[in-house]
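*Asks:* In terms of this note's numbering, the sequence shown is residues 410 to 854. Encoded as structure tokens, here's the structure I'll be asking about.
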Amino acid sequence: MLRGTRIVGETIAPSNGGTMHSRILAAVAAIATAALVLTGCSAAGSGSDPNNPNQLEAFTWWAAGSEKAGLDALVGVFSEQYPGIEFINASVAGGAGSNAKAALASRLEADNPPDTFQAHAGAELTDYIEAGQLQDLSSFYKDAGLTDVFPESLIDRLTVDGKIYSVPSNIHRANVVWVNTAVLQAAGIDPTVAPANLDAWIADLQKLRDSGVESPLALGTDWTQLQLFENCLIADLGASAYSGLWDGTTGWDIRGVQTAVAHYGQLLDFVNPDYGGLEWDAANQRVIDGTAGYNVMGDWAEAAFEQAGLTYGQEYTTFPTPGTDGVFDFLADSFTLPVGAPHEQAAKDWLTTISSAEGQKAFNLAKGSIPSRTDTVASDYPAYQQTAIASFAEDTVVSSLAHGAAASAGWSGAISTAVAKFGVDRKAEALTRELLRAYADFQIG
Ligand code: GAL
């Protein structure tokens, strides 16, 4: 007889304490992992037992708030489809995965992998593949008939040398401005009309400030700065030249990059001064609360607006980051089967749930993203997601830098460090020099 699914998991508390706090959490996670490796156990307090086949330990950074709600929805479907398997939640909060990735790296190094872990489609996944840490899922795709279920552009980002290494759970868009309509209206700005470009948007930010909103653009910790900078690059270079940055066909010394740096600096003039210490959800909350007018954030923000009980098109709305209309800044979460996963069959069951129409629908309705399956019915989704579904179908798709799609972890880390430094010293020339150096170090070198 099958027993009911038990859901266990020790989650490290979410961090609103900023970069330093995030680093401390990462360090604590790494030390905890190392200690457990020494004692022969697996993840912190997880209870994963390699001799019990009816367990699945899944590693994500969806540990709190609206992101956890998405994971819970997925686990709900998994529990229905595989009621005999105990789900062990090994999530690690904070930093859009930077804390989780640090903890994961030490587990992988110690040959102590979870049964599955979250990884972004694109360059980030390639890092794991090249390190020999992932199993080839080509025959899983074939047996489950998955090859035609996902769009080609996505399959390409999951494939290396003809082999497919993970199963996508969703598609997120990272060039979205989240708008508090009442805040804009009070300043005489029509929230239904998107500014035509970054200059027009900067003029609106000034109007908001003049109306008494001291910090009209909400911003948070390091990766949210990188995401805002990537939006400026897309706006000032256009989709094709932006994509060329990642394959060497666009030089980092072109004028558009300097314009993007200048625009990024101008935007920083309108952000909350405490941005270095805020996680994305705390920054986004300022738009929900009406202390800021705008936030540039991936569309996991949709789930936070939903959870706060706000109605799309009334209390809040969205538009593509000014200058990026017609572009879909893409990222996708996907799940892997690591080499040496203790519960391989249960991991394949999890991947089956993720790839199923039912699993994708439950997850994406809760997460704010759109399904990665091609058989999505747009009318099944709320208003915001319908805009994302239409954009993904019609617009030019580019890869997100801040979310692992465009550049390797090392390259994007180097850019992120330079962008964070610019936030402090505002030395535009130093930033453009660092961008060139990062290209030389990680793309050519
Ligand atoms: C992204 C991830 C999203 C969301 C976000 C914020 O990198 O793909 O699913 O979790 O980080 O943490």
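In this text, a Cβ means the ideal position worked out from N, Cα and C, and glycines have one as well.
Where does G597 land, buried or exposed, given buried means 16+ other C-beta within 10 angstroms?
*Replies:* Residue mapping note: residue 597 aligns to position 188 of the sequence shown, counting from 1. Counting Cβ neighbours within 10 Å, G597 comes out exposed, since fewer than 16 surround it.
*Asks:* Under 7 Å: does the beta carbon of G506 sit that close to some heavy atom of the ligand GAL?
*Replies:* For the purposes of this step, residue 506 is identified with residue 97 of the sequence shown, where counting begins at 1. G506 Cβ: within cutoff of the ligand GAL.
*Asks:* Please work out which residues of its chain come closer than 7 Å, Cβ to Cβ, to A797, disregarding the five sequence neighbours upstream and downstream, and give them in chain order.
*Replies:* For the purposes of this step, residue 797 is identified with residue 388 of the sequence shown, where counting begins at 1. Closer than 7 Å at the Cβ level, and outside the excluded window around A797, lie R582, D708, I779.
*Asks:* Find the nearest neighbour of L465 within the set A669, A755, R566, judged by alpha-carbon distance.
*Replies:* Taking the first residue of the sequence shown as 1, we reach residue 465 at position 56. Nearest of A669, A755, R566 to L465, Cα basis: A755.
*Asks:* For K776, count the other beta carbons within 10 Å of its own beta carbon; 16 or more makes it buried, fewer makes it exposed. Which is it?
*Replies:* Residue numbering aside, residue 776 sits at position 367 when the sequence shown is read from its first letter. Buried, since its Cβ has 16 or more Cβ neighbours within 10 Å.
*Asks:* Jot down the residue ranges of each uninterrupted beta strand (DSSP E) in the stretch 657-731, minimum 3 residues, whole runs only, in chain order.
*Replies:* Here the runs fully enclosed are 703-705, 725-729.
*Asks:* I'd like the span of the beta strand (DSSP E) that includes E489, first residue to last.
*Replies:* For the purposes of this step, residue 489 is taken as residue 80 along the sequence shown, with counting starting at 1. E489 -> not in any beta strand (DSSP E); alpha helix (DSSP H) instead, spanning 474-490.
*Asks:* Compute the minimum distance between the beta carbon of D742 and the heavy atoms of the ligand GAL, and state whether it is under 7 Å.
*Replies:* As a position in the sequence shown, residue 742 is number 333, starting the count at 1. Yes, the beta carbon of D742 sits closer than 7 Å to at least one heavy atom of the ligand GAL.
*Asks:* DSSP three-state call for Q464: helix, strand or coil?
*Replies:* Numbered from 1 along the sequence shown, position 55 holds the residue referred to as residue 464. Of the three classes helix, strand and coil, the one that applies to Q464 here is strand, per DSSP.
*Asks:* Provide the residue span of the beta strand (DSSP E) that contains D734, from first to last.
*Replies:* The count along the sequence shown starts at 1 and reaches residue 734 at position 325. Element bounds for D734: n/a, residue is neither H nor E.
*Asks:* Residue ranges of each beta strand (DSSP E) run of no fewer than 3 residues wholly in the stretch 742-780, ordered along the chain?
*Replies:* Those beta strand (DSSP E) runs which fall completely within the stretch 742-780 and span 3+ residues are 742-745.
*Asks:* Look at the alpha carbon of V666 and the alpha carbon of E495, and state the distance between them as a whole number of angstroms.
*Replies:* As a working note, residue 666 is residue 257 in the sequence shown. As a working note, residue 495 is residue 86 in the sequence shown. Their backbone Cα atoms lie some 49 Å apart in a straight line.
*Asks:* Is any heavy atom in the ligand GAL found nearer than 7 Å to the beta carbon of G707?
*Replies:* The count along the sequence shown starts at 1 and reaches residue 707 at position 298. Yes - the ligand GAL has a heavy atom lying nearer than 7 Å to the Cβ of G707.
*Asks:* Quick one: what's got a C-beta closer than 6 Å to L637's C-beta in the same chain, skipping five residues either side?
*Replies:* As a working note, residue 637 is residue 228 in the sequence shown. Same-chain partners within the cutoff: V705.
*Asks:* Alpha carbon to alpha carbon, how far is E838 from P522?
*Replies:* Taking the first residue of the sequence shown as position 1, residue 838 is located at position 429. Taking the first residue of the sequence shown as position 1, residue 522 is located at position 113. The alpha-carbon atoms of E838 and P522 are separated by roughly 42 Å.
*Asks:* Please list the terminal residues of the continuous beta strand (DSSP E) segment that includes W470.
*Replies:* Taking the first residue of the sequence shown as position 1, residue 470 is located at position 61. Segment: none, W470 is in no beta strand (DSSP E) and carries neither H nor E.
*Asks:* Does Q852 come out as helix, strand or coil in the three-state DSSP assignment?
*Replies:* The residue you call residue 852 lines up with position 443 of the sequence shown. Residue state, collapsed to three classes: helix.
*Asks:* What residue range does the alpha helix (DSSP H) around I611 cover?
*Replies:* Against the sequence shown, residue 611 aligns to sequence position 202. 607-619 is the span of the alpha helix (DSSP H), which, as asked, contains I611.
*Asks:* Which residues mark the beginning and the end of the beta strand (DSSP E) in which S808 is found?
*Replies:* As a first step, residue 808 is located in the sequence shown; it is residue number 399 there, counting from the start. Taken as a continuous stretch (DSSP letters only), the beta strand (DSSP E) holding S808 covers 805-808.
*Asks:* Based on Cα-Cα distance, which residue from G702, L687, G657, T658 lies nearest to F679?
*Replies:* Translated into the one-based positions of the sequence shown, residue 679 becomes position 270. The residue with the shortest Cα to Cα distance from F679 is G702.
*Asks:* Pull up the distance between the alpha-carbon of A717 and that of G699, whole angstroms please.
*Replies:* The count along the sequence shown starts at 1 and reaches residue 717 at position 308. The count along the sequence shown starts at 1 and reaches residue 699 at position 290. In a straight line, the C-alpha of A717 is about 12 Å away from that of G699.
*Asks:* Go to S575, then tell me how far its beta strand (DSSP E) extends in each direction, as first and last residue.
*Replies:* In the sequence shown, residue 575 corresponds to position 166, counting from 1. Counting along the chain, the beta strand (DSSP E) containing S575 begins and ends at 575-577.
*Asks:* Is there at least one non-hydrogen atom of the ligand GAL closer than 7 Å to the beta-carbon of H672?
*Replies:* Position 263 of the sequence shown holds residue 672. No, the ligand GAL has no heavy atom inside 7 Å of this Cβ.
*Asks:* Taking the CB atoms as reference points, tell me whether P751 and L517 lie closer together than 8 Å.
*Replies:* For this step, residue 751 is matched to residue 342 along the sequence shown. For this step, residue 517 is matched to residue 108 along the sequence shown. No. Outside cutoff.
*Asks:* If distances are taken between C-alpha atoms only, which option among S788, L543, A669, L844 comes closest to A823?
*Replies:* Translated into the one-based positions of the sequence shown, residue 823 becomes position 414. The shortest C-alpha separation from A823 is found at L844.
*Asks:* Return helix, strand or coil for Q855, following the three-state DSSP convention.
*Replies:* In this structure the chain extends from 410 to 854, so residue 855 is not present and cannot be described.
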